[in-house]
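Protein chains: 2
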Amino acid sequence: MTHFRPVALDHASRLINHGPTVLVTSTDGTRRNIMAAAWSMPVEFTPPRIAIVIDKHTLTRELMTASGVFGVCIPCAASLDLAYALGNCSGKVIDKFARYGIVSVAGDALGVPLIEAPCVAWMECKLIREPHSEDAYDTCFGEVVRAAADARVFNEGHWQFDDSNTALHTIHHLGAGNFVRASGIIKASPL
Amino acid sequence: MTHFRPVALDHASRLINHGPTVLVTSTDGTRRNIMAAAWSMPVEFTPPRIAIVIDKHTLTRELMTASGVFGVCIPCAASLDLAYALGNCSGKVIDKFARYGIVSVAGDALGVPLIEAPCVAWMECKLIREPHSEDAYDTCFGEVVRAAADARVFNEGHWQFDDSNTALHTIHHLGAGNFVRASGIIKASPL
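From first to last, the protein sequence lines are chains A and B. Numbering-wise, the numbering used here puts 257 at position 158 of the first sequence, and it's gapless, one number per residue. Numbering-wise, the numbering used here puts 177 at position 78 of the second sequence, and it's gapless, one number per residue.
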């Protein structure tokens with residue numbers, strides 16, 4: 100049984116507001132790929148738009164440019180080793196889905212590969228073509244058209260990281276294979 | 100005595116690789132401002148370049164466009180309430196440095212306001228003018244020309260978050276004033 104539930108589009112930016120490492124999926128109908136990306140951010144709440152850095156020499160970049168769509172899946176502490184492995188091999192050399200036994204489904208809206216377990220959220224995105232940003236900064240803009248998250252850790256537009264769901268906490272890459280886990284929510288007080 | 104030490108430019112991207120909330124500083128020589136920004140990311144290691152979302156209606160955007168430079172200071176758990184307050188008032192209405200008693204120094208390279216305590220790192224950045232990205236996505240690109248970090252928590256190009264320095268851990272905004280603290284480093288294992 101899936102724990103995933105739809106995320107309202109005006110809450111989609113919250114999924115990456117705190118800077119987690121994400122997985123980017125792509126397909127041109129024949130080939131498919133998945134890679135890890137540490138560099139992404141929202142750029143707009145409504146419509147929900149994001150920016151993500153995808154090196155122009157990757158298969159992901161080739162497939163998302165060809166198809167005009169991509170998926171963003173958010174790994175968690177339980178998929179730490181997988182996320183790191185996906186960032187250290189090339190889809191030009193191996194089929195990473197097959198190599199790592201990753202089960203994906205085609206998104207209802209755009210057909211991009213989406214992963215639930217062992218991820219905690221996904222987004223289907225349309226690439227907004229911006230050739231200059233893509234070329235000069237490897238920065239690709241996208242609009243989220245459909246999103247879902249694991250209700251055990253994201254509810255009503257909010258991440259709920261606590262001691263009951265540590266394996267589902269998002270991971271944030273410090274570099275060199277070291278990550279921090281999003282944990283211990285602290286609430287700001289008015290000054 | 101300052102705990103800040105220079106950060107090599109090829110390590111500068113590490114400062115925001117994991118998605119912390121940052122403070123953006125700016126001045127046109129007469130006016131000055133500081134605001135919180137949850138949406139930033141590196142886009143290039145060498146030269147170190149970043150992208151950051153700054154709403155076009157803010158004083159910060161006005162000042163950084165006028166001066167061509169901006170500062171990025173990284174708050175921490177000890178400055179959580181300050182960071183949140185800085186994101187919820189406008190520099191067009193009050194001088195936030197005066198209101199909150201923030202001590203800054205002018206950066207040696209670009210003259211931007213830089214804050215050490217209660218922050219844990221800073222970067223002096225040149226704005227790379229990209230009128231289309233700025234206009235369409237409020238996304239501003241910048242190149243880091245000088246950086247420093249608190250050696251109690253960042254050393255040799257790596258964040259070192261542990262139980263001895265929890266007040267200095269970076270903060271990551273989930274939304275609505277709730278943050279997670281970068282804590283509990285976990286290292287990925289090869290699959």
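For every residue, glycine included, the Cβ atom is placed at its ideal position computed from N, Cα and C. Fair warning: this is a prediction, and the values are worked out from it, not measured in the lab.
Within-8 Å CB hit, residue i to chain A
i	result
A248/B	no
D237/B	yes
L281/B	Here residue 281/B turns out to be Ala, not Leu, going by the sequence shown. With 8 Å as the cut-off, A281/B counts as an interface residue toward chain A.
G167/B	no
L114/B	no
D243/B	For the sequence presented, residue 243/B should be read as Val rather than Asp. Not one chain A Cβ lies under 8 Å of V243/B.
V152/B	yes
F260/B	yes
N254/B	no
F103/B	no
F240/B	yes
L267/B	no
Whole-angstrom distance between residue j and residue i, CA atom to CA atom
i	j	result
F278/B	V106/A	20 Å
L213/A	V192/B	46 Å
W138/A	R251/B	25 Å
K155/B	T164/B	10 Å
R198/A	A135/A	15 Å
T159/A	D127/A	10 Å
H268/B	A176/B	6 Å
T157/A	V168/A	15 Å
S263/B	G283/B	11 Å
N116/B	A281/A	14 Å
D194/A	A247/B	41 Å
P289/B	Y183/A	8 Å
K286/A	V142/A	24 Å
V204/A	E223/A	12 Å
R228/A	A235/B	12 Å
L179/A	S166/A	28 Å
L108/B	D207/A	44 Å
I201/A	G276/A	21 Å
R130/A	L226/A	18 Å
Residue i and residue j closer than 8 Å at C-beta
i	j	result
S125/B	L162/B	yes
F240/B	R148/B	yes
V171/B	V121/B	yes
A150/B	T238/A	yes
V219/B	F253/B	yes
H102/B	D249/B	yes
H271/B	G118/B	yes
G274/A	R245/B	no
P217/B	P174/B	yes
N132/A	G190/A	yes
Residue i, enclosing alpha helix (DSSP H) - first and last residue
i	result
E233/A	230 to 236
F196/A	195 to 199
M140/A	Where M140/A is concerned, there is no enclosing alpha helix (DSSP H), although the beta strand (DSSP E) it sits in stretches over 139 to 143.
R104/A	R104/A -> not in any alpha helix (DSSP H); beta strand (DSSP E) instead, spanning 103 to 105.
E161/B	158 to 166
A176/A	Where A176/A is concerned, there is no enclosing alpha helix (DSSP H), given that its DSSP letter is neither H nor E.
CB contact below 8 Å: residue i versus chain B
i	result
K286/A	yes
M140/A	yes
A216/A	no
N264/A	no
V202/A	no
E233/A	no
R148/A	yes
E143/A	yes
G190/A	no
H156/A	no
L290/A	yes
F278/A	yes
L273/A	yes
Residue range of the unbroken beta strand (DSSP E) whose run includes residue i
i	result
T124/A	121 to 126
A150/A	148 to 152
E223/B	218 to 227
N132/A	131 to 136
I115/A	No beta strand (DSSP E) holds I115/A; DSSP gives it neither H nor E.
H272/A	270 to 274
G283/A	277 to 286
Beta carbon proximity, residue i to chain E, threshold 8 Å
i	result
R251/A	Looking for chain E here will not work: the only protein chains present are A and B.
*Using a beta-carbon distance cut-off of less than 9 Å, what residues from the region 116 to 139 of chain A approach chain B?*
Of all residues in the region 116 to 139 of chain A, N116, H117, G118, P119, T120, A137, W138, S139 have a Cβ within less than 9 Å of some Cβ in chain B.
*Under 8 Å (Cβ pairs) to chain B, residues found in the region 172 to 186 of chain A*: Cβ contacts with chain B: A176, L179, D180, L181, A182, Y183, A184.
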